[in-house]
Amino acid sequence: MAYQSEVEVVDGAAMGRALTRISYEIIERNKGVDNIVLVGIKTRGIFIAQRIAEKLQQLEGVEIPVGELDISLYRDDVHTSRDTDPEVKGASMPVSIEGKQVVLVDDVLYTGRTVRAALDALMDIARPQKILLAVLIDRGHRELPIRADFVGKNIPTSLDEQVKVAVEEVDGENHVLIQKLAN
């Protein structure tokens, strides 16, 4: 895919500040961190959730469990061939989420379809007391009535732009780019 332009809109330091702000907001909203489980959506949401958990532990002195969720099977906008069985990757939860306050974490909130799929996957695992959504970037253009409870940065985009989040653990660097697609 060819890009006409690429602009860094969030650098590593700004990403760290956004995650710190989200961490404080989680503590404030939940009056502490009791009964909280963070669940990151594969791939970058997992690493963002781990970073938030580290910040929460620094602030509150409590280790927060972090689960991982692969929602590939739950996507309604990914079509698979009838000749092959879908690959079930599922979830990895360090503790039961039954009756817990789950903070679902992703890198970018766009149409809302990823979050809808994640909600379906979570409900297949157990019945949390409450599910909240934390995203590093909210870029708008929702197709479903979904909004984040905690947002690192709102970045309005056009439909011919793509938001690319890079995290050290996957990409070797931390930043957010807006890439404009070539016409």
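If you read the sequence shown in my numbering, its first letter stands for residue 3, the second for the next number, and so on.
Just so it is clear, CB atoms sit at the ideal spot from N, CA and C, and this is done for glycine as well.
V172 counts as exposed, since fewer than 16 other C-beta atoms from the protein chains shown sit within 10 angstroms of its C-beta.
Spatial neighbours of V35 in its own chain (CB-CB distance under 8 Å, excluding positions within 5 residues in sequence) are listed in chain order as I28, I29, L58, E62, V64, I66. Exposure of A128 is indicated by the presence of fewer than 16 other C-beta atoms within 10 angstroms of its C-beta. Measuring C-alpha to C-alpha distances from A184 to each of D162, Y26, A168 identifies D162 as the nearest.
When DSSP assignments are scanned along the region 128-178, the uninterrupted stretches of alpha helix (DSSP H) that are 4 or more residues long and fall wholly within it turn out to be 170-173. The three-state reading of DSSP puts E62 in helix, counting H, G and I together.
Using a Cβ distance threshold of 7 Å, V39 and V104 count as a contacting pair. Shown here, E8 sits in a strand according to DSSP, grouped into three states. Less than 7 Å divides the Cβ of L71 from the Cβ of V41.
In the three-state reduction of the DSSP assignment, I180 falls in the strand class, which pools E and B. Distance from the CA of Q131 to the CA of D151, rounded to the nearest whole angstrom, comes to 16 Å. Under the DSSP definition of a beta bridge, D108 partners with V137.
Shown here for P158: same chain residues with a beta carbon closer than 6 Å to its own, the five before and five after excluded, namely G142 in chain order.
Per DSSP, E30 is one residue of the alpha helix (DSSP H) stretching across 14-32.
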